[in-house]
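Participant: A single structure is presented below for examination.
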Amino acid sequence: MLASRPVLAANSGGPVETVRDGRTGWLRDPRDVDAWSDAMHRALALSDAERKAMGDEAAARVRTDFGRDVMARRLSHLLDVAAAAAEKGAPARLASPLTLAMLVMFFLFGAVLSAMCMRLLRG
Numbered sequence: 001m002l003a004s005r006p007v008l009a010a011n012s013g014g015p016v017e018t019v020r021d022g023r024t025g026w027l028r029d030p031r032d033v034d035a036w037s038d039a040m041h042r043a044l045a046l047s048d049a050e051r052k053a054m055g056d057e058a059a060a061r062v063r064t065d066f067g068r069d070v071m072a073r074r075l076s077h078l079l080d081v082a083a084a085a086a087e088k089g090a091p092a093r094l095a096s097p098l099t100l101a102m103l104v105m106f107f108l109f110g111a112v113l114s115a116m117c118m119r120l121l122r123g
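The numbering of the sequence shown is UniProt numbering, which starts it at 1 and goes up by one.
Written out as structure tokens, the structure is:
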């Protein structure tokens, strides 16, 4: 999506949150071969202008809703919630040091992957 291209993705997991079906790409059941074939035909039938419009919307969505700054704010909020829960002594899954470490690692992995993709896209 960050490459300004519409995508075809499975309608489970992360793509459900990121892809807007029919606007930034297509979400299809991973077991439905006919639906995937239909979506591929639709993608190939797009005019250059339609493909560009979908791709531009896809890239804008990634930058706006899933960019590093947005994800950093989300992670910061989660850490604040975990710290508040730990201070109150409340049992919270987020208060676990292992959970916090995994959240930080997940964010760092995403930031590195994003930087690598941007570097590849820029040439």
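Note that CB positions come from ideal geometry on N, CA and C, so glycine has one too. Quick caveat: nothing in here was measured; it's all calculated off a predicted structure.
#1: Taking all protein chains shown into account, do 16 or more other C-beta atoms lie within 10 angstroms of the C-beta of Ala49, making it buried, or fewer, making it exposed?
#2: Could you tell me which whole beta strand (DSSP E) segments of length 3 or greater appear in the UniProt domain "Glycosyl transferase family 1" (3 to 59)?
#3: If Gly25 and Ala9 are in contact, beta carbons under 8 angstroms, what's the gap, nearest whole angstrom?
#4: If distances are taken between C-alpha atoms only, which option among Trp36, Leu98, Leu108 and Asp32 comes closest to Asp69?
#5: Considering Met71, what are the terminal residues of the alpha helix (DSSP H) in which it resides?
#6: Is the CB-CB distance between Met1 and Arg61 below 8 angstroms?
#7: For Ser114, collect the residues of the same chain with a Cβ closer than 7 angstroms to its Cβ; drop the 5 residues on either side in sequence, then sort them by chain order.
#8: Leaving out five residues on either side along the sequence, give the residues of the same chain with a beta carbon under 8 angstroms from the beta carbon of Arg63.
#9: Quick one: what does DSSP say Met1 is sitting in, helix, strand or coil?
#10: If you measure between the beta carbons of Val33 and Leu27, is that distance less than 8 angstroms?
#11: Pull up the distance between the alpha-carbon of Ala86 and that of Leu79, whole angstroms please.
#12: Anyone know if the C-beta pair for Arg122 and Ala58 falls short of 8 angstroms?
Facilitator: Well, looking at it:
#1: Reading the sequence shown from its first residue, position 49 is the one you call residue 49. Exposed, since its Cβ has fewer than 16 Cβ neighbours within 10 Å.
#2: 7 to 10 and 25 to 28
#3: For this step, residue 25 is matched to residue 25 along the sequence shown. For this step, residue 9 is matched to residue 9 along the sequence shown. About 6 angstroms separates the two Cβ atoms, so the contact holds.
#4: Along the sequence shown, read from residue 1 onward, the residue named residue 69 stands at position 69. Looking at the Cα atoms, Leu108 is the closest of the given residues.
#5: Position 71 of the sequence shown, counted from the start, is the residue given in the question as residue 71. Here the alpha helix (DSSP H) through Met71 covers Arg68 to Lys88.
#6: By one-based count along the sequence shown, residue 1 stands at place 1. By one-based count along the sequence shown, residue 61 stands at place 61. Contact flag set, yes.
#7: Within the sequence shown, the letter at position 114 stands for residue 114. If we look at Ser114 and ignore the five residues flanking it on each side, its Cβ neighbours are Arg68.
#8: Mapped onto the sequence shown, residue 63 falls at position 63. Same-chain partners within the cutoff: Leu2.
#9: Here the question's residue 1 lines up with position 1 in the sequence shown. Coil, per DSSP.
#10: Position 33 of the sequence shown, counted from the first residue, corresponds to residue 33. Position 27 of the sequence shown, counted from the first residue, corresponds to residue 27. Not in contact: Val33 and Leu27 (Cβ atoms no closer than 8 angstroms).
#11: By 1-based counting over the sequence shown, the position of residue 86 is 86. By 1-based counting over the sequence shown, the position of residue 79 is 79. Approximately 10 angstroms, taken between the alpha carbons.
#12: The count along the sequence shown starts at 1 and reaches residue 122 at position 122. The count along the sequence shown starts at 1 and reaches residue 58 at position 58. The answer is no: Cβ separation not under 8 angstroms.
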